[in-house]
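Colleague: Chains as they are written, first to last, in the working numbering: chain C, -9 to 317; chain U, -9 to 317; chain Y, 10 to 295; chain H, 10 to 295; chain P, 2 to 300.
The following block contains the structure, expressed as C-alpha cells.
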Amino acid sequence: MDPIPVSADHHDPYAKPGTLTPAGAEPVVRAIDLQKFYGSNHVLRGVTMEVFPSETVCLIGKSGSGKSTLLRCINFLEEPTVGFIEVDGLRVAADPLRPRNRQHQEQIRQIRLRAQMVFQEFNLFPHMKVIDNLVEGPIRVKGLSRDQAIATAEKYLDKVGLAEKRDEYPGRLSGGQKQRVAIARALTMEPKVLLFDEPTSALDPTLVGEVINVMEELAHEGATMIVVTHEMAFAREAADRVYFIEGGTFVEVGPPDQVIESPRDPRTREFLARTFGKAHVPSADTDTALPSDADTRATQVRLKSQWSPGSQGATSYGPVGHRNEPG
Amino acid sequence: MDPIPVSADHHDPYAKPGTLTPAGAEPVVRAIDLQKFYGSNHVLRGVTMEVFPSETVCLIGKSGSGKSTLLRCINFLEEPTVGFIEVDGLRVAADPLRPRNRQHQEQIRQIRLRAQMVFQEFNLFPHMKVIDNLVEGPIRVKGLSRDQAIATAEKYLDKVGLAEKRDEYPGRLSGGQKQRVAIARALTMEPKVLLFDEPTSALDPTLVGEVINVMEELAHEGATMIVVTHEMAFAREAADRVYFIEGGTFVEVGPPDQVIESPRDPRTREFLARTFGKAHVPSADTDTALPSDADTRATQVRLKSQWSPGSQGATSYGPVGHRNEPG
Amino acid sequence: MAMGVGGPGLIGRVSAEDGFRLAHPDVIVAQIAASRARAGLRFRMIFVLTWIVLVGGLAAALAESGKVDPSFIAKWGPFILQGIPVTLFVSVCSIVLAVVFALFGALGRLSRNPPIYAIATLYVSLVRGTPLIVQIIFVYLALPQFGIVLDALTGGILALSFNYGAYLTEIFRAGVEAIPRGQREAAQALGMTERSIMRRVILPQAIRIVIPAIGNDFISMTKDSALVSLVTIQEVFWRAQNAGTQSFRTFEALMIAAMVYWVMTIVFSLGQERLEKRMAEGDVRL
Amino acid sequence: MAMGVGGPGLIGRVSAEDGFRLAHPDVIVAQIAASRARAGLRFRMIFVLTWIVLVGGLAAALAESGKVDPSFIAKWGPFILQGIPVTLFVSVCSIVLAVVFALFGALGRLSRNPPIYAIATLYVSLVRGTPLIVQIIFVYLALPQFGIVLDALTGGILALSFNYGAYLTEIFRAGVEAIPRGQREAAQALGMTERSIMRRVILPQAIRIVIPAIGNDFISMTKDSALVSLVTIQEVFWRAQNAGTQSFRTFEALMIAAMVYWVMTIVFSLGQERLEKRMAEGDVRL
Amino acid sequence: SGGGAASPSAAATAVPSVASVAPSTAASPSAAASPSAAAASASPIPGGLLDTVLQRGTLVVSTDPNYAPQSVKNPDGTFSGFDIDVATEVAKRLGVKVQFVTPDWTLITAGNWSKRWDASVGSMTITADRQKVLDFSPPYYYTPAQMTASKNSGITTMDGFAGKTICAGASTTYLDWLQGKKLDFGTLSPTTTPPAGIKTVSLKTDADCPQTWAAGRNDFQGWLSSSTTVDGAIAAGMPVVKVGDPVYFEPLAIAVDKSGPVDTDFVAALKTIVDGMHADGTLTQLSMKWFKADLTQGP
Ligand SMILES: Nc1ncnc2c1ncn2[C@@H]1O[C@H](COP(=O)(O)OP(=O)(O)OP(=O)(O)O)[C@@H](O)[C@H]1O
Ligand SMILES: Nc1ncnc2c1ncn2[C@@H]1O[C@H](COP(=O)(O)OP(=O)(O)OP(=O)(O)O)[C@@H](O)[C@H]1O
Ligand SMILES: [Mg+2]
Ligand SMILES: [Mg+2]
C-alpha cells in the first residue's frame, strides 16, 4: 500500500446538507482521513465523513467492519492512529505516540460533551436513580446547579416517556426503558450530535420498537445523529444518508433509497442479502416484498414521508413532547 | 379441574407404526398420562405419547410449553409427578413422594441407557478427548472392554464424519462438530431411542446444516428418535409424526404435512406464524412460498422422498457409513 | 406385557370401576410440598442431632474422663470471657483502618504512575509475603527504632490493619476491575474527568462488590487478633494462655478460648449473611 | 475555520507539493509498537528503581544508624536459613494432607446424607471458627488425652493440614458446584451411577478449577507454618526467634526471617503463575 | 524458672545437637562417679520411667534454648550451656545417651508431656503449684532473682519502682512474685514482697523485656529475671541497670512429668546423681565455667 495523502482540508464527497439543515451551516462532525490500527490490525483505512446539522446518517456494515471503531474514534473513546476529528468546530488530530497533555485532554472532553454517545449495552449507572444518572453529567461536567440540571433532566425524561421512572433504579427497568433513559441522559447534556452504537441490538425484539420510536422522533425534530444500526427500517425511514463500510473503508454512500433499496456495489448487495435474508434483495415494488423478521418490526415505524409532528403511529411509546419543529 | 382417570393401559390415539417400523412391533417409548408439577406450576397436564421402532417424531411448541420437560421425564432427568414411562418394555411409574430405592434406581438407569439424550448445549466432557467421551458410557455403564468400546466408538465417530477428531479435546471443536460428537456419544451406547432437545439451537446458523444432515441420515436409516426442534424443514422432511404441545397438553398431532403445512388448530397456526414468520403460513404450493431464514437452511436438506442411501446432497458432511437399510 | 416396577404414585385413589383416579391438582401440589417439607425437617433434625451428639459427646467424654476440671471453668471462665471486648475492639479498629489502607493501596495498584504503583505493589508483596506473627513483633520492635513509639494496643491494631490492608488492597483492586468497562466508557463519554469517574462511578460500585469480602476478613480478623497477645494485649487468647499456665490447665483454657472464638465467628457469619441478603434484596442492583 | 489543537501525528512526512504524506502502514504499526515498548520499558524501569530505592534505602538507613549489626547477620544468618527445609517439608506435607482432608470434607459437604453432611459442616465450622494458633496447641495437648501421642512434627503437620483442609473443603465444594449442571445431566443420561459421575466427570473438572486455590494456600501455608514453632518445630521462625532471643537481637533476626519468607513466597508465586499459564495454554480447556 | 543470657561466645564448647547423642566432652571432670550409680543399683520398676529410659538407652531432655548461658542453640545447630552440660552428665551417670527437644517453655511447665520427653533439665524452679503436675529432683543450683530498671527510667532503688510497670517472661515465677502470689519454695520461699502499686506485663521470654527498651519502647520501667540472664543482657549492651540485691533465690531442679509412667525409681536415681554431683564438685565446676560464680550452694 502506497502512502496516502492526508490533508486537513479533505472533504467527504458524499456529504451534503440534509433536508432539515439550516442554510449555510457548516458540518457539525468531520472525520478526516481517519485511520485506526489495533496493533497491526488495520481497522479503519482512511475514512472521511461529514455530517451537517439536523442530519441523521446511518452506518451499516458487517460485524468487524469497523463501525463501532469509527464511532468511538469520533469522541476519542478510541485514540485514532491517523487523521482529524472535528466536532462543532473543535478540531483534534490523531496522536497515537504520546499520552495526551492537559490541553489535549480538555479539548477531547469538550468534544465528548458535544458528541454524546448511546451504547448498545445502555451503560446506565446502576447505583444511581434514573434522575441522578441524568444529572450526573450536567452537574460534574457542565457545572450546572443541581436545580437547573434536574429541570433539564426532567424535560428529557418526559420526552422519552419515562417521567414516572424518575426515582427508580435502573435495575428495575426493562431493556427498552433502560435504553430510553440512556438516550435521555445523552440529551440532558444538550449535545451537538448524538452517536448511537447499535442501540437496539441488546434488546428483546418486542422492546426494539419503543427505542426506535424515540430515535425517529429525534431525527424528525432535527437532532443531528450518527447511528450504527442493523434496523434497516429505521435507516430507510429516518436517514438522510447511509454509509456502508467494509474492511475499514466506505464502499457505498448515499441516500437510503439508493444504498438500501438499490445498492450498486456488489458487496453492499451481498451484505444486505446475507444479513436480512433474500426478502431484502432490491425489488421494483417495496410494498409487495414479503414481510420478514425485520419488516414485522417495521410496521411499528412510520415512514418519514408520512410523518408529521404530533401524529402518533399505531404503536405509541407514551407521552412525548416535541421540541423545535423543523421548518 | 376434576380428577383425571389414569390407567396404565391408556394409548396414544395418534400413534401408529411409522413407514420404517417392522410389522407387528410394539412401541419403544410410551409416556402414559404423564403429568409434571414444578412446585405449583402444572407444566405437563397429562400427555400420552407412543413411539414405534424406527419412527421419528418431532415435538414442537412455544417456549415454556413443556417440551423439554416431557423429554427429560422420559429418561427421568426429571421425576414425573403422575403417570408411567415405558422404554423398551421397561416400565417405571411416577413416584414423586419418596426417594427412589435401589431397585428403582437400577430400572431408571436401564431406561436411561436405552433412551439416550442429545442436549442443546452438547454437554461433552471437556476434560476427555473425543474418543474418551464416547467410550466412557459403554465402559462404565455397559461394562464393555476398552477395546470393544473403542471399536464401536470409532464406527459412530466415522458415521458423523469426525473420525479424524478422535484425539482432539472438545474445546478445540466447532459447535457443529461438538454436537455431532454428542450424537456419536449417544449412538455409541446403541440405544433403542434417541432423544434430541433442540440440538441445533445453540449453534451458529452456518453450523446448523451439518448437524441436521446427520440427524436426517439417522432418521432415514431407521433410528427411533424423539426430536424437540424449531427446524421446521427437518420436521417436514424427516418426521413421521409431529406433536404440537401447548400449556402442557398436545393440541395437535399428526403427520408433518398436516400439522406444519395445514394446521387445523388455531393455536398451532398462530404458533407457526409467530415463530417462523408469515412465510410459513400454509399455502397451497409450498415451492412457491418465498424463502425465509429457515428455508435458506432447508436447502441443505434433502427431502425424504428424494433421499436414497448413499446419495449425497449438495452439502455433504464428510464420510458417512450407512447402517441397516430400511426395507 | 411390560415388565417394570412400581404402581402409580400415591397421589389419588384406586377404585373398582375405573381403576386409578387422580387427586385434584391442588391436592397433588399440597402432598408434594408436604413431603418436601417433611424431608427437609428430617434432614435438619438429623443435622442438629449429629452436632449435639458430636459436641455433647465429646464434652461428656472429657468431663467423665476427669481430664477436664469443671471447677477450672467456673473459676477462670469469666476471666477469659473478659477478653472478648478487647478482641472485638482490636478487630473493629483494625478492620476500619485496614479498609483505609486498602483504599489507598488499591488506588496505588490501579495507578499508572510508576512510583506510586511500585510502592503499592511493594506494600502488598511484602505484607502478603511474610507471616503475620513476624509483622506483629516487627511493628512492636521496629517502629520505635525510628522514634515512633506506640502503645501496645495501637501497635497491635496497626500491625493487624497493615496486614489485612494488603489483602484487602487486592480485593478492592479486583472489585474496581470487576466494574464493567462500559461504566467507565459511559462516564468518559459524558465528559467526566478521571477523578470524577473514579469517585462517582467506579468506587461506589466497587465498594458494594467488596463488602462481603470485608465481612469475611473481619471474621478472620477476630481470630488472627489472637496473635497480638504476643505484644501483651490481653485479649481472649492471651487470657486463656495466662489462665492455663497459671493453673496448669492449658488444655481446658484453650478449649474455652476456642469455644469463644467459635461462637463469635458463628454470630458474625449469621450477621454477614443477613447483611448480604439485605443488600441483594435492596433497591440498588449492581 | 476550525479552532483546535495538534497537527497530524508524527507518522509521515510533510512535503511542499502535496501537504502531508502518510507513512506506509507497516511503518505506522512499527512506530506505534516501538512507542508502546518504550513506554512499557520506562514503566518497568521506574518500578524496579522505586523498589531498589525503598528497600535499599531502608536497609542502608538501618545499617547506618547502627541499629542493625552486620556481624549478627553473618553469624546467625546461616542458622536461620537452615530452617527453610523444615518449613518447606512441613508446608508440602501439610498441603498434601490438607487436600486429602478437603476431598473428604467436600464430599461430605455435598452429601445428601444428613449425618455425613453434619459432620463435614461441623469440621468446617469449628476449624474456620477458631484461631490456628489455638488449633496447633490444641492438637499438641488434646490428642494425647485420648492416648494419641504424635511427635511434634507429625502433630504440627496434622494441625496445619486439618486447618487448611477446612478452608480447602469449601473451595473444593465451590469447585464442584461450579461444574455446569449439564455435565452431571449428560453423565446421568448415559446411565452412569452417582459414584462414577463424581469420580469420572465432576471431580476431574473440579480439581482443575481448584488448583490455583491450592497454590495460593500453599503459599499461605509456608507463612502460617511459622506458628508450628510453638510446638518445638525448628523452622525458619523458630530459629529466628531463638537466635534473636539468645543474642538480644530479635529485631534483626525477624528481619532475616521476613526476608526468607518474602523470597520464598515470591518464588512460589512465580512458579504458580507459570503453572497457571501452562494450564491455560494446555490442550484441555474447561 | 530458668533464665539467663550471655553473649553467644559463652558457647565455648560444642555439644551434640538434637538428634545426635554423645557423652559430654567438656563438662564432666574425671572425678565423676562411675556411671550408672543409681541405674545399676536397684532393678527398675517394669514399665516405669527408669525402665523406659534404660531400655531405650537414651534420655530425652526438654530444654528451651532461649536462655543463655543455661541453654543455647549455636549457629551450627548444636546445644551448649550449663543445663546442657548438667543433662549430659546426668545421662552419662545413668549410663544412657542424651537427646534434646525444644518445646515452648509454657508447654514444659504445663505438664502432661505425653511421654514426648523424659525430663526437663531446664533450670525449673520447684514450686508447690508445679509439684501438682511435676516431680522434682533435689535442686542442682540456685539463681538469684534480680530486679533491674531501664537506663533511661532513672530508677536506682527498689522504692523507685512504686507504681511503675514491670516486665517478666510469660509463665515465670518472676511474674508470679510480681503479681503478689505466694511462691512456695519450701525453706527457700521468698519473704520479700514486690514494690507497692506495680503493674506487670509479660512477654514471651525474659530476654524480650530488655530488647523492648533497646528498641526504644518504654512500656515498662522494670524487669525481673535471673541474675544470669541480666548479666547476659548487660553484656549484650542492653540498656539495663541492676537495682538492689536479689529479691529471692530460686531452687532449680530437674523435673519429671507426674502424669507419665511411674517415676519413683527414676526420681530416686536422679536424687542419687544430683547429690553425687554436688558432692564431687562437678556442679560447682560447671557453675564456675558458665556463670563465673558458684551458684550451687544456695543463699
Ligand atoms: N479494543 C480492541 N482491541 C483490539 N482489536 C479491536 C478492539 N476493538 C475492536 N477491535 C477489532 O477491530 C475490528 C473492528 O471492530 P468494530 O467493533 O469496530 O466492528 P463493528 O463493525 O462495530 O462490528 P460489530 O457489528 O460486531 O459491532 C474487529 O476486527 C475487532 O476485532
Ligand atoms: N427445574 C425447573 N424448576 C422449576 N420450573 C421449571 C424447571 N424447568 C422448567 N420449569 C418450568 O417449566 C415450564 C416448561 O419448561 P420447559 O423447559 O419444559 O419448556 P420448553 O418447552 O422446553 O421451552 P423452551 O423452548 O424455552 O426450551 C416453564 O414454565 C419453566 O419455567
Ligand atoms: Mg460494533
Ligand atoms: Mg426446552
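Here a beta-carbon is modelled for each residue, glycine too, at the ideal position from N, C-alpha and C.
Using a Cβ distance threshold of 8 Å, determine whether the stretch 248 to 265 of chain U contacts the stretch 69 to 86 of chain U, with at least three qualifying pairs required.
Modeller: no
Colleague: Please report the residue range of the alpha helix (DSSP H) in which Y/Phe181 lies.
Modeller: For Y/Phe181, the enclosing alpha helix (DSSP H) begins and ends at Ala161 to Ala187.
Colleague: Using three-state DSSP, classify P/Gln180 as helix, strand or coil.
Modeller: coil
Colleague: Within the same chain, show all residues whose beta-carbon is closer than 7 Å to that of Y/Thr241, passing over the 5 residues directly before and after it, in chain order.
Modeller: Ala161
Colleague: Please find out if some non-hydrogen atom of ligand 2 comes closer than 7 Å to the beta-carbon of U/Thr59.
Modeller: yes
Colleague: Give me the chain P residues within the contact set of H/Gln91, using Cβ-Cβ distance strictly less than 8 Å, ordered along the chain.
Modeller: Gly78
Colleague: Here's the rule: buried if 16 or more other CB atoms are within 10 angstroms of the residue's CB, otherwise exposed. What is U/Pro3?
Modeller: exposed
Colleague: Given this structure, state the Cα-to-Cα distance separating Y/Pro213 from C/His117, to the nearest angstrom.
Modeller: A direct Cα-to-Cα measurement between Y/Pro213 and C/His117 gives close to 7 Å.
Colleague: Can you tell which of Y/Ile228, Y/Arg53 and Y/Gly191 has its C-alpha closest to the C-alpha of H/Thr139?
Modeller: Of Y/Ile228, Y/Arg53 and Y/Gly191, the residue nearest in Cα terms is Y/Ile228.
Colleague: Please decide whether H/Pro189 counts as near chain C, where near means a Cβ-Cβ distance under 8 Å.
Modeller: no
Colleague: Does ligand 4 have even one heavy atom less than 7 Å from the beta-carbon of U/Glu188?
Modeller: yes
Colleague: Measuring from the CB of U/Ser53, is there a heavy atom of ligand 5 at a distance below 7 Å?
Modeller: The ligand content of the structure shown is limited to ligand 1, ligand 2, ligand 3 and ligand 4, which means ligand 5 is not among them.
Colleague: Return the CA-CA distance between U/Thr289 and U/Val201, expressed in angstroms with no decimal places.
Modeller: Summary for U/Thr289: the model assigns pLDDT 34, below 50, so the residue's position carries little reliability; its value from the coordinates is reported in the next sentence. For U/Thr289 and U/Val201, the distance between alpha carbons rounds to 14 Å.
Colleague: Taking only beta-carbon atoms, is C/Phe109 less than 8 Å away from chain H?
Modeller: Not one chain H Cβ lies under 8 Å of C/Phe109.
Colleague: Taking 8 Å as the limit between beta carbons, can you name the residues of its chain near H/Val95, skipping five residues before and five after?
Modeller: Ile242, Gln243, Glu244 and Val245
Colleague: Skipping 5 residues on each side, what residues in its chain have a beta carbon closer than 7 Å to that of H/Asn172?
Modeller: Val136, Leu141 and Gln144
Colleague: I need the boundaries of the alpha helix (DSSP H) containing C/Glu221, first residue and last residue.
Modeller: Counting along the chain, C/Glu221 falls outside any alpha helix (DSSP H), and DSSP gives it neither H nor E.
Colleague: Could you check the C-alpha separation between H/His33 and C/Thr71 for me, to the nearest Å?
Modeller: 13 Å
Colleague: Taking just the CA atoms, how far does P/Asp276 sit from P/Lys290?
Modeller: 19 Å
Colleague: Return yes when the C-beta of Y/Gly191 is under 7 Å from any heavy atom of ligand 1, and no when it is not.
Modeller: Checking every heavy atom of ligand 1 against the Cβ of Y/Gly191, none is found closer than 7 Å.
Colleague: Report the three-state DSSP secondary structure of C/Leu152 (helix, strand or coil).
Modeller: coil
Colleague: List the whole-angstrom C-beta distance separating H/Phe8 from H/Arg248, where the pair is believed to meet the contact cut-off of C-beta under 8 Å.
Modeller: Only positions 10 to 295 of chain H appear in this structure, which leaves residue 8 of chain H out of reach.
Colleague: Here's a check: name, in chain order, each residue in its chain whose Cβ is nearer than 6 Å to the Cβ of Y/Ser100, leaving out the five neighbours to either side.
Modeller: Met230, Thr231 and Ser234
Colleague: Less than 7 Å between the CB of U/Gly56 and some heavy atom of ligand 2, yes or no?
Modeller: yes
Colleague: In the DSSP assignment, find the alpha helix (DSSP H) that holds Y/Tyr126 and state where it starts and stops.
Modeller: Pro123 to Gly138
Colleague: With 16 as the cutoff for other CB atoms within 10 Å, does U/Tyr159 come out buried or exposed?
Modeller: So U/Tyr159 counts as buried.
Colleague: Could you work out which residue in P/Pro70, P/Thr64, P/Val54 and P/Asp52 is closest to P/Ala236 when comparing CA atoms only?
Modeller: P/Pro70
Colleague: Could you please give me the residues that DSSP links to P/Asp136 through a beta bridge?
Modeller: P/Val257
Colleague: Is U/Asn113 near ligand 2, with its Cβ less than 7 Å from a heavy atom?
Modeller: no
Colleague: Kindly indicate if chain C contains any beta-carbon less than 8 Å away from that of H/Leu37.
Modeller: First, the residue type needs correcting, since residue 37 of chain H is Ile and not Leu in the sequence shown. Closer than 8 Å: yes.
Colleague: Tell me the rounded alpha-carbon separation between Y/Ala289 and Y/Val64.
Modeller: 34 Å
Colleague: Any chance the CB of U/Arg28 is under 7 Å from a heavy atom of ligand 2?
Modeller: Note that residue 28 of chain U is Tyr in the sequence shown, not Arg. True, at least one ligand heavy atom lies under 7 Å from that Cβ.
Colleague: Less than 8 Å between CB atoms is the rule here; does C/Leu87 satisfy it with respect to chain H?
Modeller: C/Leu87 counts as touching chain H.
Colleague: H/Met54: which of Y/Phe56, Y/Val148 and Y/Asn122 sits nearest, CA to CA?
Modeller: Closest option to H/Met54, Cα to Cα, is Y/Asn122.
Colleague: Please report the straight-line C-alpha distance between C/Leu103 and C/Pro17, rounded to a whole angstrom.
Modeller: 17 Å
Colleague: Taking DSSP's pairing of strands, which residues face U/Ile50 in a bridge?
Modeller: U/Phe234
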